[in-house]
Amino acid sequence: MHGIKPICTLILATLLLSGCTAGRTAFSKAQKLESDGNIDAALVKYAEVATANPDVAEYRVAFLKASETAARFHFRKAEAFYAQKNYDEALREYQSAYAIDPTNQLAKQQADLLVKLRNAQTYYQEGQGLEKDRKTREAVLAYRHALEFDPGNREIKEALERLVAVKKNKLDGYELNLKSNKPITLKFKDAKLKEIFNILTQLSGINFVFDDAVKDVNLSLYLENASFQQAMEIITGMQKLGKKVLNESTIILFPKSPDKLKQYEELFVQTFYLNKLDAKKAVNLIRTMLQVKKIYVNEELNALVLRDTPEVIEVARKILEANDVPDAEVLLDVEVFELSKSNAETFGLALSKYATSMGVTGPLSGSVAAGSSPFLTDSLSSTTTTSTSTTTSTSTQPVTISNLLSFWGYRGYNGYLTVPTATFNFGKTLSNGETLSNPKIRVKNREKAKFNVGTRVPITTTSSPTGGGVSVNVQYVDVGVKVNAEPTIQLNNEVSIKLGLEVSSILQKDTIGTDQATTVVTIGTRNLDTVLSLKDGETSIIGGLMQKSSTDSKNKVFLLGDIPVLGSLFTNTNDSKDKKELLLAITPRIVRSVTVPENDVAAFWSGREDEPSPSKPYSSFNQEPELASAPAEPGVPGPAAVGLGSASGTSPVTRRGSAGIFRPAPAPPAPAAAPAAPAGQAVPAATPSAAAEPVPDAAAVPEAAAGVSAAPVAPVTPIVPVAPAPAVPTPGAAPGVGRIIPAPPAPNVPVPPAPSTTAAAPVQGAQGTPAAATPSPSAVPPAPAAAIPAPAPVAPVPVVPAPVVPVPAPTAVAPAPAQTAQAVPPAPAPVPGGAPAVAAPPAPAPAAPAPPARRQAASGVPVALKLDAPASVKVQDQFTVQINETGAADLYSSVFVVNYPANLEVATQAEGALLKQNGVGTVFQTFNDKKKGQLWVSLSRAAGTQGATGSGTLATVTFKALEKGSATLSVGNTNFSNKAGQPFIVNSSVAVVEVK
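Residue numbers for the sequence shown follow the UniProt record's numbering, so the first one is 1 and each next one is one higher.
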């Protein structure tokens, strides 16, 4: 039993030591990974070590620091991907940064923004697919969903506006059951109000019920091609009539008087629960902007309760939503250094006392101690006589006196002289001190933050009250480092900081008085107050708060110390130099940026002064554009030169007849490829085996009655894919702009023989193919128009356009609006004389989808990038490489990658002066991928400014040479654009540096 106990103790100690050793080994591995730049692996290792050893504070502190470093690393990487519009990678990096550091709200905000952008892009692509499948309603819904995620996307807005040709027949939340959606024309002079509404009832099928107070006044009205909503807004607005929709076919009309408004208006109660905005401030905001009927403040819930019309409630909701936003927050990383340095030198002969004293002793006052030298002694005898009333006693005690020299004696009298001691000094003292305070303060926008590190020194004061006694008071004074900061976060992620710094220390303590002593403390302080503006993550160092003291003193023997050369042997020199310097480094790190509401919340129509509404007055007159065409992409023909069927062989769509009705046509067989013709001979037109003719609907033709007429509205034109083919211009069209060419003759109409043509100058089509010669207008008689069939996919063959029969009168063919390869052109107008003109279709070409839209280049002149680097450097030397640009005009942003080999290391990087022209602010971001040897650089000018023009330096990179060999530097992955987002063509060079 006695042998087991030591063994167990030994085993336990071994296990403890092995655990400590294992933890230290893992911690060293984590430090090694961090120094190698493998931040994520180091963070995992730190987490394992800190979890396994929760009691070791060093491991936990290292883990927290590594977490902060890794979060910043992923955030900078995400910013670089975001600048390149690589949203998937940027989202992944933002999410990684937020997962590592949940306090980094800026990363979360950016990730949420990217999720919205991705969702918007998904809905937009879905809408494009639905649009191609002619599912207009579903496409509109998809585009609207996309705008909910990205309200400022101009591309999505244009797509939605292109599809929404006719607004929904909605009024006060009801979908009106109109008989017809066709525009109406009202022309009345001095007509009764109720008669006009009677005509509206006949045209629309909507019943109107008049309040007793509505006066049947005379009204003159001239309204042409208006919708039902427009007619209602004009008439009710002129006569100051209110309306109450009972159902989809019944409307009550009443005068807009206060009594009638109370009678017919329905009030709505809404409770708004506020997050950040104080309810008392919110109620003042609402009362200032709106005249609400009822409003209540619930301070306990920080909520507002409103009772008013739905329109006023909606306006109040948008106002509160725009102002109830979270406060921005910033993390202030403050480092306070107090550096002290002293240098003291002492050299020469120093005496303990630069003076002598003499004394004489009598026979009774002392004698030379026994056994000592009669000439030099350090000891005297002191005789003390004590007398009482009865006895007298005498005692002798030795007295020690140092440095005592006896130089004479006579009959018990002795003369003595004090001699000082001598010391030769040759010492030098150097001392360096450093005091560091590194507080990290998280503070809200426009709030004050205070930080104090030090001690509270007690100071006592005493007083004597009138009634007697002593009263002691103790007061405490803070001594140490005080930091006061008030940040203001701006929209461009710059932080303006009102900073105050005070560093104090106790110099000395003094006590004044005896019975009523008071402690007086001398405190030395150094203060700094400033206001500075920094970017997110930018460090500013404030120094210069120095205190220097220099003291030179000499002690020398009189006369002997003044002898030249030999005088230094009798002189003692003391030199001391003290220096104290205070340095302050502050780095703001934005945790949550300023939240700006969406555009539809920050700015919206609010109605009239006496009639608030979230919509614009007379909003029905805001005409939405029809499905217009845009210019075709280079190399892609316009719709005038290609078939209107889909490339997959689906049925084409017939042109709109006079009634505005679309009817599907059967799919025709694919025509054969046109054979090549000899020079100067035209190829006959290919005739499809089947075609569709427009079928007019006589019942839908508007008729004029009782001064009221109706006009058709152009419906939404569906989008069909087209195959690229040469465009055939129409006489009278501008160069390069295609006009609408009628379809070939129907099968039942005999095709006239090919006329003799007169050679004409070739006209370049959309793909650069010469167009066919144009015959005389009278060569071919007119024939009915038909839809142009879509060519089937065939192998590429040489294409020769067929002869075209022009339209006799230029006015017979209406010019198409700006065309795109995806838009179906409108039908041609009939030619004077009865029948529309006939034209041969172009020869079939291989069906292919239209290429994606490309941005137009900013300039035809390429931008040149040049790397200015030294020809050779030595190992461990640092050298600078400048990335210079020439040839750019209106350069707004630039993203590029500097590739460097393994024998080089990036030391520092700095922004050039090119994009800072005219003192404009810029955004400069870098990300160094050590493993791949790539330095990502992103530069852009501040929002709302023009681009830079000319030549100059974009960035400067300092490298450190690690190993010998040839080092090749290059620039790649360039993305330069102007203010409009148009890209530049970039030509870059290569630099070679020889490391010796």
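Glycine residues also receive a C-beta, built at the ideal position from the N, C-alpha and C atoms. None of the values given here were measured: they were computed from a predicted structure.
Please report how far the alpha carbon of residue i lies from the alpha carbon of residue j, in whole angstroms.
i	j	result
Asn978	Pro862	13 Å
Val443	Tyr123	39 Å
Leu91	Ser340	48 Å
Val305	Leu261	22 Å
Lys240	Thr595	41 Å
Tyr476	Thr461	11 Å
Ile39	Lys482	34 Å
Val990	Phe924	23 Å
residue 1003	Gln229	As shown, the chain starts at 1 and ends at 996. That puts residue 1003 outside it, with no answer to give.
Thr201	Pro614	28 Å
Thr103	Gln109	12 Å
Pro490	Asn198	The question names Pro, yet the displayed sequence has Gln at residue 490. Going by the C-alpha atoms only, they are around 59 Å apart.
Lys276	Met289	19 Å
Ile497	Ile541	13 Å
Ala226	Tyr264	28 Å
Tyr892	Val937	14 Å
Lys256	Glu611	10 Å
Asp308	Gly950	60 Å
Thr922	Gly887	20 Å
Tyr410	Leu417	16 Å
Ser593	Ala328	5 Å
Ile234	Ile286	30 Å
Whose CA, out of the options, lies closest to the CA of residue i?
i	options	result
Gly543	Lys580, Gly933, Leu569 and Leu507	Lys580
Thr185	Leu113, Leu176, Lys194 and Leu203	Leu203
Ser406	Asn903, Asn987 and Met358	Met358
Asn973	Asp562, Asp877, Lys964 and Val986	Val986
Val897	Thr945, Leu499, Glu963 and Thr956	Thr956
Asp552	Ile586, Ala344, Asn247 and Ser940	Ala344
Asn918	Thr423, Gln946 and Ala888	Gln946
Glu224	His74, Ile459 and Phe188	Phe188
Leu865	Ala871, Ile883 and Lys874	Ile883
Lys280	Glu266, Tyr296 and Leu253	Tyr296
Lys554	Glu447, Glu885, Tyr46 and Leu349	Leu349
Thr236	Phe208, Leu246, Phe272 and Glu248	Phe208
Thr421	Ala355, Arg456 and Pro617	Ala355
Asn473	Gly480, Ala485 and Pro458	Pro458
Arg456	Asn438, Ser471, Thr466 and Val521	Val521
Thr69	Asn298, Thr886, Lys318 and Ser35	Ser35
Val115	Thr136, Ala146 and Lys179	Ala146
Lys448	Thr429, Phe272 and Ala485	Ala485
If you measure between the beta carbons of residue i and residue j, is that distance less than 9 Å?
i	j	result
Asp890	Ala943	no
Thr346	Asn493	no
Leu954	Gly912	yes
Asp562	Ser342	no
Ala66	Tyr98	no
Asn572	Leu351	yes
Val881	Leu962	no
Ala83	Gly127	no
Identify the residues that DSSP records as bridge partners of residue i: which are they?
i	result
Arg317	According to DSSP, Arg317 bridges with nothing at all.
Trp936	Val897 and Phe927
Thr886	Ala864
Trp408	Gly415
Gln547	Lys580
Gly981	Looking at the DSSP assignment, Gly981 forms no beta bridge with any residue, so it has no partner.
Leu969	Ala991
Ala910	Thr956
Asp529	Gly500
Compute the minimum distance between the beta carbon of residue i and the heavy atoms of the ligand MN, and state whether it is under 8 Å.
i	result
Asp133	The ligand content of the structure shown is nil, which means the ligand MN is not present either.
Would you say residue i reaches chain D, if we count a Cβ-Cβ gap shorter than 9 Å as a contact?
i	result
Ala955	Although the question refers to chain D, the structure presented lacks it and comprises just one protein chain.
Whole alpha helix (DSSP H) runs in the segment 14 to 79 with 4 or more residues, listed along the chain?
39 to 52
Scan the segment 308 to 358 and note each continuous alpha helix (DSSP H) run of 4 residues or more that stays entirely inside, going in chain order.
As for any alpha helix (DSSP H) of minimum length 4 sitting wholly inside the segment 308 to 358, the runs are 310 to 323, ordered along the chain.
Taking only runs that begin and end inside the UniProt repeat "TPR" (120 to 153), name each unbroken alpha helix (DSSP H) of 4 or more residues, in chain order.
136 to 149
Going residue by residue through the segment 550 to 618, where are the continuous alpha helix (DSSP H) segments of at least 4 residues, counting only ones entirely within it?
599 to 602
At which residue ranges does the segment 180 to 205 contain complete alpha helix (DSSP H) runs of 4 or more residues, listed in the order of the chain?
193 to 204
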